[in-house]
Amino acid sequence: MLDIVIEARKAAITPGMEVRRILPFRLRRMVGPFIFMDHAGPVAIAPENISSMDVLPHPHIGLSTVSYLFGGQVMHRDSLGVEQIIRPGEVNWMTAGSGIAHSERFEDPSILAGGALEMIQTWVALPEKAEESAPSFNNYKPEELPVFTDKGVWMRLIAGNAFGLKGNVHIHSPLFYLHVVLEKDARFGLPQEHSERGIYIVKGSIEVSGTTYHAGQMLIFSKGVDPILMAKEPTTLMLLGGEPLGERFIWWNFVSSRKERIEQAKADWKEGRIILPPSDNHEYVPLPEDKSRPAGSPSPQALS
Numbered sequence: 026m027l028d029i030v031i032e033a034r035k036a037a038i039t040p041g042m043e044v045r046r047i048l049p050f051r052l053r054r055m056v057g058p059f060i061f062m063d064h065a066g067p068v069a070i071a072p073e074n075i076s077s078m079d080v081l082p083h084p085h086i087g088l089s090t091v092s093y094l095f096g097g098q099v100m101h102r103d104s105l106g107v108e109q110i111i112r113p114g115e116v117n118w119m120t121a122g123s124g125i126a127h128s129e130r131f132e133d134p135s136i137l138a139g140g141a142l143e144m145i146q147t148w149v150a151l152p153e154k155a156e157e158s159a160p161s162f163n164n165y166k167p168e169e170l171p172v173f174t175d176k177g178v179w180m181r182l183i184a185g186n187a188f189g190l191k192g193n194v195h196i197h198s199p200l201f202y203l204h205v206v207l208e209k210d211a212r213f214g215l216p217q218e219h220s221e222r223g224i225y226i227v228k229g230s231i232e233v234s235g236t237t238y239h240a241g242q243m244l245i246f247s248k249g250v251d252p253i254l255m256a257k258e259p260t261t262l263m264l265l266g267g268e269p270l271g272e273r274f275i276w277w278n279f280v281s282s283r284k285e286r287i288e289q290a291k292a293d294w295k296e297g298r299i300i301l302p303p304s305d306n307h308e309y310v311p312l313p314e315d316k317s318r319p320a321g322s323p324s325p326q327a328l329s
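Following this line, the structure appears as structure tokens:
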């Protein structure tokens with residue numbers, strides 16, 4: 026049975042960067058350990074305005090951010106001193122753990138040619154034993170990621186395990202994350218070994234049990250339900266899920282199993298105890314005004 030269909034909502038993370046937000050959703054906060062998902066692009070903006078898309082230094086705790094590009098490039102800088110150009114097909118996995126700050130800047134105007142900039146960013150909540158782990162950042166090249174092809178099907182395993190493939194990306198709990206491209210009329214299924222599974226339609230459309238679903242929708246299925254997906258046209262999908270971790274609280278860019286840890290993170294950022302990226306420390310995103318929003322509610326100002 027199809028548990029729920031989530032419609033992506035528009036959200037602005039900077040004046041020049043509007044995204045489609047999929048997770049969290051009021052009726053479905055997480056899919057396995059995945060607690061956040063944004064789809065940005067294809068971006069249409071004048072090259073002279075490219076700096077308006079920059080995401081200034083901002084903090085995270087208790088999660089891993091996963092940046093995956095279909096086109097363009099992004100410059101990542103973080104508290105560890107990492108400077109990494111993120112390119113299409115790579116996996117950029119930053120574990121915030123006890124606390125990290127990073128920026129994402131768009132420094133090459135050529136990436137806007139033909140609306141080429143397009144990316145997905147997800148957040149993976151950490152199990153309790155890893156929530157206060159040391160921050161880290163890893164970049165994995167496309168050739169390090171398993172790829173499977175069949176008639177009308179191309180699939181890259183971004184992280185975890187699925188369909189007998191096992192990824193090289195270091196993860197903290199059982200999960201899977203896949204980039205799938207289907208030709209028209211191609212059929213595809215879902216990995217059966219995971220408790221919670223979601224399909225996000227990046228572009229194109231699929232038919233499931235006689236109903237057609239379109240770009241911008243996420244379909245979520247429970248374990249034991251094994252639908253057949255048929256591409257109605259050339260289609261790109263992101264499949265994700267895994268084992269649930271239990272309740273998590275999210276406020277702005279902070280995720281934790283404990284409300285009081287969210288409050289501590291607020292104070293740490295406000296008082297400058299989370300270090301800014303050494304090469305990008307002249308400006309930052311200030312702590313948003315709380316407005317009495319409960320720690321368990323997603324802030325509309327959440328940043329990637």
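Positions 26 to 329 (this note's numbering) are the ones given, in order, by the sequence shown.
We put the CB at the ideal spot given by N, CA and C, even for glycine.
Item: Might you give, ordered along the chain, the residues of its own chain that have their beta carbon closer than 7 Å to the beta carbon of L301, omitting 5 neighbours on each side?; Value: P82, S104, A126, Y309
Item: My output table needs one value for D293: the three-state DSSP class, helix, strand or coil.; Value: helix
Item: Where does E115 fall in DSSP's three states?; Value: coil
Item: Among Y225, K248, F201, K209, whose alpha-carbon lies nearest the alpha-carbon of Q217?; Value: K248
Item: For I330, which three-state DSSP category applies?; Value: The structure shown does not extend to residue 330, since the chain spans only 26 to 329, so no value can be given for it.
Item: Nearest-angstrom Cα distance between S322 and S230?; Value: Reliability of the predicted coordinates at S322 is poor, the pLDDT of 44 falling under 50, and the value obtained from them is presented with this limitation in mind. S322 and S230: Cα-Cα distance of roughly 31 Å.
Item: Could you pull the start and end residues of the beta strand (DSSP E) that W277 belongs to?; Value: Note, W277: premise wrong, no beta strand (DSSP E); not H, not E.
Item: Quick check: is the beta carbon of I299 nearer than 9 Å to any beta carbon in chain B?; Value: Of the protein chains in the structure, only one exists, and it is not chain B.
Item: Which residue marks the beginning of the beta strand (DSSP E) containing L244, and which one marks its end?; Value: 242–247
Item: According to DSSP, what are the bridge partners of G267?; Value: L200, E221
Item: In whole angstroms, give me the CA-to-CA distance for P84 and P167.; Value: 27 Å
Item: Taking the Cβ atom as the reference point for each residue, do R130 and D305 lie within a distance shorter than 9 Å?; Value: yes
Item: I need the DSSP call for E168, collapsed to helix, strand or coil.; Value: helix
Item: Could you tell me the boundaries of the beta strand (DSSP E) in which K35 lies?; Value: 34–39
Item: Pairs of beta-carbons, one from the region 230–239 and one from the region 270–282, closer than 8 Å: are there three or more?; Value: no
Item: With distances taken Cα to Cα, identify the nearest neighbour of I31 among T260, L244, Q109.; Value: L244
Item: Buried or exposed: A292, going by 16 or more other Cβ atoms within 10 Å of its Cβ?; Value: exposed
Item: With a threshold of 6 Å on Cβ separation, who are the neighbours of P2 within its own chain once the five nearest residues in sequence on each side are excluded?; Value: In this structure the chain extends from 26 to 329, so residue 2 is not present and cannot be described.
Item: Please state whether DSSP places S76 in a helix, a strand or coil.; Value: helix
Item: Looking only at its chain, what residues have a beta carbon closer than 8 Å to the beta carbon of A240, apart from the 5 residues adjacent to it on each side?; Value: I226, V227, K228, G229, S230
Item: Closest to M55 by CA distance: which of S158, G266, A187 is it?; Value: G266
Item: CB-CB under 6 Å to I86, same chain, minus the five flanking residues each way: which ones, in chain order?; Value: A121, G124, F279, A290
Item: Distance, Cα to Cα, E115 vs M42?; Value: 21 Å
Item: Have a look at H204 and S92 and give me their C-alpha separation to the nearest angstrom.; Value: 13 Å
Item: If the criterion is Cβ atoms closer than 9 Å, does the pair L312 and L254 meet it?; Value: no
Item: Could you give the residue range of the beta strand (DSSP E) that holds I183?; Value: 178–187
Item: Which whole-angstrom value describes the C-beta separation of T117 and N164, a residue pair presumed to lie in contact below a C-beta threshold of 8 Å?; Value: For clarity, residue 117 is Asn in the given sequence; the question names Thr instead. That belief holds up - the Cβ atoms of N117 and N164 are roughly 5 Å apart, short of 8 Å.
Item: Taking a contact to mean a Cβ-Cβ separation below 9 Å, would you say P25 touches P152 in this structure?; Value: The requested residue 25 is not part of the displayed model; the chain covers only 26 to 329.
Item: Alpha carbon to alpha carbon, what distance is there between H195 and S158?; Value: 14 Å
Item: Check whether the Cβ atoms of A256 and R222 sit closer than 9 Å, and answer yes or no.; Value: no
Item: Check whether the Cβ atoms of W148 and I60 lie closer than 9 Å to each other.; Value: yes
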